[in-house]
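Q: Let me give you the structure first, and then I'll get to my questions.
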Amino acid sequence: MTDSLYDPELTPLLQMSGEHIGQYPTAEERLAWTMFLLDEVKQFLSAAEYADYLAGIKREIDARQAAGG
């Protein structure tokens with residue numbers, strides 16, 4: 014996965030969303046908003062694409078956890 018993602022419209026929106034989600038006081042609230050975002054993306058993908066998307070997210074999370082972060 015690349016660290017240099019940038020889109021002039023999407024990047025600021027996601028940065029602002031991340032800031033807002035990060036300010037919620039509980040992990041449950043942060044998770045709920047993250048899942049909301051996944052549900053928003055799901056609407057635009059086929060079932061197979063969504064399954065691949067979730068598998069990719071899980072792979073990236075597993076790699077980050079294995080790296081200690």
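The numbering of the sequence shown is my numbering, which starts it at 14 and goes up by one. Even for Gly, the Cβ is constructed at its ideal location relative to N, Cα and C.
Report yes if the C-beta distance between Y63 and K71 is below 8 Å; otherwise report no.
A: Your numbering for residue 63 matches position 50 in the sequence shown. Your numbering for residue 71 matches position 58 in the sequence shown. In this structure, K71 does not lie closer than 8 Å to Y63 by Cβ.
Q: Please report the straight-line C-alpha distance between T39 and A45, rounded to a whole angstrom.
A: In the sequence shown, counting from the first residue as 1, residue 39 sits at position 26. In the sequence shown, counting from the first residue as 1, residue 45 sits at position 32. Straight-line Cα distance between these residues: approximately 10 Å.
Q: Can you tell me the Cα-Cα spacing of E32 and Q78, whole angstroms?
A: Indexing the sequence shown from 1 puts residue 32 at position 19. Indexing the sequence shown from 1 puts residue 78 at position 65. Straight-line Cα distance between these residues: approximately 21 Å.
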